[in-house]
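Report on the following structure.
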Ligand code: DGP
């Protein structure tokens, strides 16, 4: 039983343009690319977000993302890449996918969804402390 559009792509029920497939990972072109050559890298198993990714899939998924990022230069002349995952918020397909977007200087992506803020006095230490504390008791 397929449960989302990427499961359907992985099952071969929906056409896409694949660039990589093995038993654990599939990578295909985003049909609405930020730049041409924008790839989505997914676990073949239905995994909804990064937090759901089992340990045994961490290396296969991110190795594939790294290889695809490395291919963007020789394949497309990209000078770099933007690699990103939307988790829940702004995630339009509930199947984990790593975006690998080819980048070049002056490509116009400057400022793309990255509004920056500043810490008030004490806030930086407080945020770091809260994250450190959560890391020492994962899952809570
Ligand atoms: P996100 O917003 O992070 O969940 O990104 C989902 C991406 O998936 C978005 O950039 C468009 C892409 N996408 C959605 N449906 C399809 C599809 O049917 N085929 C392909 N190739 N890409 C899709």
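In the numbering used here, the protein residues as written are -19 to 120. Quick reminder that beta carbons are idealized off the backbone N, C-alpha and C, glycines included. Remember, predicted model here, so these are calculated numbers, not experimental data.
- DSSP, reduced to helix, strand and coil, places residue 39 within a helical segment of the structure shown.
- Secondary structure note for residue 7: its beta strand (DSSP E) is the uninterrupted segment 5 to 9.
- Where residue 83 is concerned, the enclosing beta strand (DSSP E) starts and stops at 78 to 83.
- Counting along the chain, residue 112 sits inside the alpha helix (DSSP H) bounded by residues 103 to 116.
- Between residue 104 and residue 50, the alpha-carbon positions lie close to 34 Å from each other.
- Proximity of the beta carbon of residue -16 to the ligand DGP is not indicated: no heavy atom of the ligand is located closer than 7 Å.
- The alpha-carbon separation between residue 83 and residue 15 amounts to approximately 8 Å.
- For residue 72, the shortest separation between its Cβ and any heavy atom of the ligand DGP lies below 7 Å.
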